[in-house]
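To keep things clear, I will list the structure first and then write my remarks on it.
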Amino acid sequence: MEKNIKYKKLPRSWYERPLLEVARDSIGKLFIYNSPQGQIITKIVEVEAYHMIGDPACHAHRGKTSRNYVMFGEGGHLYVYFIYGMYYCMNIVVEKEGVAAAVLIRALEPISGLELIRKNRPNKKDRELLNGPGKVCSGLGITKKHNGLDLTSEIIFLAESKNILTNQEIISTTRIGISQAKDLPWRFYEKNSIWVSKP
DNA sequence: TGAATGATGCGCT
DNA sequence: GCGCATCATTCAT
Numbered sequence: 004m005e006k007n008i009k010y011k012k013l014p015r016s017w018y019e020r021p022l023l024e025v026a027r028d029s030i031g032k033l034f035i036y037n038s039p040q041g042q043i044i045t046k047i048v049e050v051e052a053y054h055m056i057g058d059p060a061c062h063a064h065r066g067k068t069s070r071n072y073v074m075f076g077e078g079g080h081l082y083v084y085f086i087y088g089m090y091y092c093m094n095i096v097v098e099k100e101g102v103a104a105a106v107l108i109r110a111l112e113p114i115s116g117l118e119l120i121r122k123n124r125p126n127k128k129d130r131e132l133l134n135g136p137g138k139v140c141s142g143l144g145i146t147k148k149h150n151g152l153d154l155t156s157e158i159i160f161l162a163e164s165k166n167i168l169t170n171q172e173i174i175s176t177t178r179i180g181i182s183q184a185k186d187l188p189w190r191f192y193e194k195n196s197i198w199v200s201k202p
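Counting from 1, position 38 in the first sequence corresponds to residue 41 in the numbering used here; the numbering is continuous, with no gaps.
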């Protein structure tokens, strides 16, 4: 895929760092998916962090299961799960093998491949295309088939963006839609972005 | 413009 | 059974 040559793919070592560092650093990174229908390029504008230790809201908090085992593997893979009977959510697996931690992608800013995303989410305004974790997977066509995919592959990966955000441009608040560990400020999003799920 | 609600299936107690 | 890292729609202000 020659198109990708201009993008600097993030290496395994970028993912195998402490959870909150990766979560914060992920804001502003490019998320690139070479789908069977064509290339989609987006920018990460909102995420949440989840960790097996000290975080009861994390799927891995009670140990490894057939659903969450990908989180226990090496960093730099995709963890996709099915929720509420009809939606998928996708996470970036973080930290070393044996430590279950992940960054939930909550919102993306579409950059290219808009026709494809619109096709996946008919009759939606552009701002409604990818502003929520379920919408992100629906818009990109991510399903459980993508669970465990290697993010250092050519199919799907993160890349450095031209404009790097400063710490001031990244807001940290409490997570959305959970009933446990509500007080942890583990949600990160780009300040002033119109593409986030909830400002 | 915000609150309430139904859809819908899987994993865990 | 119950709860769930959600979303779109409906209904009330």
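C-beta: ideal position from N, C-alpha, C; glycine also.
Remember, it's a predicted structure, so these values are computed and weren't measured experimentally.
Residue i: first and last residue of the uninterrupted alpha helix (DSSP H) it sits in
i, result
"residue 26", "22 to 29"
"residue 92", "Taken as a continuous stretch (DSSP letters only), residue 92 belongs to no alpha helix (DSSP H), being part of the beta strand (DSSP E) at 90 to 96."
"residue 10", "First-last for residue 10: undefined, no H or E at that position."
"residue 16", "15 to 18"
Residue i, enclosing beta strand (DSSP E) - first and last residue
i, result
"residue 175", "173 to 176"
"residue 71", "Neither: residue 71 is in no beta strand (DSSP E) and is coded neither H nor E."
"residue 82", "81 to 86"
"residue 33", "33 to 38"
"residue 46", "41 to 54"
"residue 193", "190 to 193"
Which listed residue (the options) has its alpha carbon closest to that of residue i
i, options, result
"residue 106", "135, 52 and 195", "52"
"residue 205", "16, 23, 110 and 29", "This structure cannot settle anything about residue 205, because the visible part of the chain is limited to 4 through 202."
"residue 108", "11, 198, 65 and 157", "198"
"residue 163", "19, 20, 21 and 35", "35"
"residue 187", "179, 193 and 194", "179"
"residue 70", "49, 157, 60 and 84", "84"
"residue 9", "18, 19, 25 and 33", "33"
"residue 143", "118, 169, 165 and 157", "118"
"residue 167", "31, 191 and 13", "31"
"residue 29", "17, 145 and 67", "17"
Whole-angstrom C-beta distance between residue j and residue i, which should lie under 8 Å
i, j, result
"residue 27", "residue 173", "6 Å"
"residue 185", "residue 176", "That pair is no contact at about 11 Å."
"residue 62", "residue 153", "Their Cβ separation, rounded to whole angstroms, is 20 Å, which puts residue 62 and residue 153 out of contact at 8 Å."
"residue 59", "residue 183", "4 Å"
"residue 57", "residue 15", "Contact doesn't hold; Cβ gap of about 25 Å is too wide."
"residue 97", "residue 48", "In fact, because the Cβ distance is near 18 Å, the residues do not count as touching under 8 Å."
"residue 132", "residue 120", "5 Å"
Three Cβ pairs or more, each shorter than 8 Å: is that satisfied between the region 74 to 82 and the region 94 to 112? yes
Using 8 Å as the Cβ pair cut-off and three pairs as the minimum, do the region 119 to 134 and the region 90 to 100 touch? no
Counting only runs of 3+ residues fully inside the region 104 to 170, write out the beta strand (DSSP E) ranges in chain order. 104 to 115 and 159 to 162
Determine, using beta-carbon pairs with one atom in the region 109 to 120 and one in the region 43 to 50, whether at least three such pairs fall under 8 Å. yes
Could you tell me whether the region 132 to 144 touches the region 83 to 90, where touching means 3 or more Cβ pairs closer than 8 Å? yes
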